[in-house]
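Beneath this line is the structure, given in structure tokens, with notes to follow.
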Amino acid sequence: MLPEAIEAMTAQMAKVGNASSLHTSGRLGRRVVEESREAIAQDMGARPSEVLFTSGGTESDNLAIKGTYWARRDADPRRVRILVSMVEHHAVLDCVDFLQAHEGAKVTRLEVDHFGRVRPETVRAAIESDPEGVALVSVMWANNEVGTVQPIVEIAALCHEFGIPVHSDAVQAVGQVEVDFAASGLDLMSISGHKIGGPQGVGALLARRDATLVPLTHGGGQERQVRSGSLDVPAIRGFAVAMRHATSHRVVGAQRLVGLRDKLIRGAQDAGFGVQVTGDWEPGDCVRRLPGNAHLLVPGCDGDSLLYLLDAAGVQCSTGSACQAGVPQPSHVLLAMGMSEHTARGALRLTLGHTSTDADVDAFLAALPAAVERAQRAQVATSPKQTR
Amino acid sequence: MRVVAAMSGGVDSAVAAARMVEAGHEVVGVHLALSQNAATLRESARGCCTIEDAGDARRVADMIGIPFYVWDMAARFKQDVVDDFIAEYAAGRTPNPCLRCNEKIKFAALLDKALALGFDAVATGHYAQIVQGRSGVPELHRAVDMGKDQSYVLGVLDAHQLARSYFPLGDTTKAQIRQEAAARGFYVAAKPDSHDICFIADGDTRKWLTERLGERPGDIIDADGTTVGRHGGAYGFTVGQRRGLRLGQPASGGEPRYVVEVQPRTNTVVVATGDLLGVDVIAGDHARWCGPPPTGVVSVGAQVRAHGEEVPATAWADGKLVEVRLQRRIRGVAPGQSVVLYEGTRVLGSATIARAGTATAAIGPNSSDPTGKAAASGVPAAG
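Those protein sequence lines, which keep their order, are chains A and B. So the first sequence is numbered by my numbering: it starts at 1 and just counts up by one. So the second sequence is numbered by my numbering: it starts at 389 and just counts up by one.
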């Protein structure tokens, strides 16, 4: 976490007062919440009333999708179609799976190109098969695994031609690329605290004032009657401080991260193992791919072996998105991009952030050859074979 | 040493990992994911592959301060253990999947992957002991806790595998391990022992096999060849089995009858009264030796199932084939199970039981002398 966010948060923790209460300490808490709301709104190009605090990106995604689905279906029972990209985070994919299984939703999973990008014409074609039946469209701002930035503005504009609300999970994008809620045309956008150096367990759903949402939690009526529950004042304060830091340092930080990212990718490609970069990578670009994302495919390796070997060498990375049981599954994102399960097993995701340095990239490139060589032998040892 | 501690999520492997750390080794905990669609929570004392078990293992790894990984061996496990299990039953034999898992997964796929990644050895929570022999070759011995001894299911390990394995619990009783786990603050200290076959969740092997092999009705005949009943699939029966035969009438003497032979080719189950069940000659194949193979006829103790009793015998090995002559007849020797040979507490090796019979009589009405091959090789009768 960002030191400034820790400081602001811990100072707030010493203060009592439920922001929903009317007494003096409650009013003081409320003031902190509203100042934080205004700051986040300003940083995100939104109005304060459009910021609904939640427990994080997953809750924001669920509130946006279920809340909109139910509200739109209530208004017109024909609206049961949900369009989502195939490369969404599980907070979106599992949410629409739930609505499909229990609430009669008809889900269209939008195909992506080999960069993992949704083409606007794909969205248009999917809508046009039955425009009146669409409850909502959800496409993430930037992919968490391969870093591909989606054409959100174009997608939002074409959905609005049909009067269809659009949601985007922007958790990965905030602080990395320019995110402006009003300019994007989106109706709903999910953001989270911990991806920008803030605390875990806090986030927000940005919802246009005309977005109608059926609440998931009922109670005290906080947050525009949509998200009941006492607010976590210290976390919200830490979130706002981190957001201000992330957006004000974004341009300079992104240029630095792009430099590190390009060095890392070039170095890995030059290591001589046939390492490939996935997604949309062009040296120097910081618009089409998240600046801090390097996603590599290492042939003949299991990503989890590489992860262990690199971790032992002091380099922390991941194979995809973390999963519950820790059992590595081939990434649905890579499969959607047209890769085979075998190829997808060699995925290695390296995320660079504000603490990453040139020396970190050097350490990774130094550790890579030995790790690849061992991981390739380990894969031979565990592959199913005819005889032993 | 850099050691992978295989951690199932149970109490034994938890203490084994902790003991390896305390012995000064550089330890990494590894949980093997053996099922492609693991259940979330444990529902019984069977199995060790739920997400809850992986979580238990991870919690212990956190407590003892070691890195922890889940390695997906589901594809290898299916091929080498589950598919083999089905094929063996379909062929009228009774396999021991735990032995196969040790041979093909824990001390092969897991060990090979660990060695490739730069580790020196694998440690497990098995109750058995590795003793450095006089010649410097590691020897596999029974655990001190004979109630928990698992040397039987490790009888497939060769010298290469033993030299790269640690069994840190072999010198301790199970009761003491539970106490030690509690003293270490492991909340798995009181977790029930796992038993039965981990991939058959409800323990109903015949139902599980029927789902995979289908109903195959056939005859149950007695030693004279008379049809005495019907069955739903010969693969569901094991030599020595008495329950589940559903024979209409009892034997003429009123004695209970048991399965004495499963004939997969004709889908026939042969039953007889108990006196025909005893055997004293076992022909084994697929022999695996923990050290150098024995030469000539050697005196051994033979054990034909996990936690079964050890019977004095002589054994004679010829490549992958073994003939074992027991000093007294024992019942329920099922083809497909393993015969593990001991010298004192030391495991010499094992073989898969191909046929069993008596030194004087053949076993089924339709079978040729089950020991004919071995007898023809001129083995002297056991004394």
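Glycine included, each C-beta is placed from N, C-alpha and C at the ideal position. Note that the coordinates shown come from a computational prediction; the quantities given were computed from them, not determined experimentally.
Can you give the Cα-Cα distance for residue i and residue j, rounded to whole angstroms?
i                      : j                      : result
residue 361 of chain A : residue 263 of chain A : 8 Å
residue 228 of chain A : residue 209 of chain A : 18 Å
residue 464 of chain B : residue 477 of chain B : 19 Å
residue 727 of chain B : residue 514 of chain B : 19 Å
residue 371 of chain A : residue 734 of chain B : 39 Å
residue 534 of chain B : residue 445 of chain B : 26 Å
residue 552 of chain B : residue 373 of chain A : 22 Å
residue 702 of chain B : residue 488 of chain B : 25 Å
residue 454 of chain B : residue 394 of chain B : 12 Å
residue 293 of chain A : residue 246 of chain A : 16 Å
residue 502 of chain B : residue 392 of chain B : 7 Å
residue 316 of chain A : residue 561 of chain B : 40 Å
residue 393 of chain A : residue 79 of chain A  : The structure shown has nothing for residue 393 of chain A, since chain A only spans 1 to 388.
residue 609 of chain B : residue 626 of chain B : 15 Å
residue 475 of chain B : residue 607 of chain B : 21 Å
residue 543 of chain B : residue 683 of chain B : 18 Å
residue 614 of chain B : residue 642 of chain B : 17 Å
residue 269 of chain A : residue 351 of chain A : 17 Å
residue 746 of chain B : residue 700 of chain B : 15 Å
Under 7 Å: does the beta carbon of residue i sit that close to some heavy atom of the ligand SAM?
i                      : result
residue 655 of chain B : Judged by which ligands are present, the structure shown has none, so any question about the ligand SAM falls away.
If you check the beta carbons only, do residue i and residue j fall under 8 Å apart?
i                      : j                      : result
residue 580 of chain B : residue 550 of chain B : no
residue 660 of chain B : residue 645 of chain B : yes
residue 174 of chain A : residue 191 of chain A : yes
residue 213 of chain A : residue 167 of chain A : no
residue 203 of chain A : residue 193 of chain A : yes
residue 224 of chain A : residue 110 of chain A : no
residue 480 of chain B : residue 652 of chain B : yes
residue 279 of chain A : residue 197 of chain A : no
residue 348 of chain A : residue 298 of chain A : yes
residue 505 of chain B : residue 310 of chain A : no
residue 5 of chain A   : residue 170 of chain A : no
residue 585 of chain B : residue 593 of chain B : yes
residue 497 of chain B : residue 382 of chain A : yes
With DSSP as the reference, identify every bridge partner of residue i, one or two as the case may be.
i                      : result
residue 281 of chain A : In the DSSP output, where bridge partners are listed per residue, residue 281 of chain A has none listed.
residue 456 of chain B : B:417
residue 189 of chain A : A:168 and A:206
residue 516 of chain B : B:530
residue 651 of chain B : B:656
residue 293 of chain A : A:351
residue 82 of chain A  : A:107 and A:136
residue 609 of chain B : B:615 and B:658
residue 733 of chain B : Note: residue 733 of chain B sits in no beta bridge, so no partner.
Can you say whether residue i is buried or exposed, counting buried as having 16 or more other CB atoms within 10 angstroms of its CB?
i                      : result
residue 12 of chain A  : buried
residue 22 of chain A  : exposed
residue 165 of chain A : buried
residue 128 of chain A : exposed
residue 332 of chain A : buried
residue 507 of chain B : buried
residue 380 of chain A : exposed
residue 397 of chain B : buried
residue 687 of chain B : exposed
residue 25 of chain A  : exposed
residue 117 of chain A : buried
residue 50 of chain A  : buried
residue 266 of chain A : exposed
residue 162 of chain A : exposed
residue 595 of chain B : exposed
Select from the options the residue whose C-alpha is nearest the C-alpha of residue i.
i                      : options                       : result
residue 523 of chain B : B:507, B:533, B:541 and B:547 : B:547
residue 140 of chain A : A:188, A:16 and A:245         : A:188
residue 422 of chain B : B:413, B:407, B:414 and B:438 : B:438
residue 401 of chain B : B:727, B:510, B:691 and B:718 : B:510
residue 83 of chain A  : A:53, A:77, A:133 and A:76    : A:133
residue 230 of chain A : A:16, A:170 and A:144         : A:16
residue 743 of chain B : B:732, B:724 and B:586        : B:724
residue 690 of chain B : B:614, B:623, B:461 and B:669 : B:669
residue 632 of chain B : B:642, B:621 and B:540        : B:621
residue 711 of chain B : B:623, B:697 and B:738        : B:738
residue 19 of chain A  : A:222, A:152 and A:5          : A:222
residue 667 of chain B : B:713, B:528 and B:483        : B:713
residue 399 of chain B : B:699, B:684, B:582 and B:611 : B:582
Is residue i close to chain C? Criterion is C-beta to C-beta, closer than 8 Å.
i                      : result
residue 644 of chain B : Of the protein chains in this structure, namely A and B, none is chain C.
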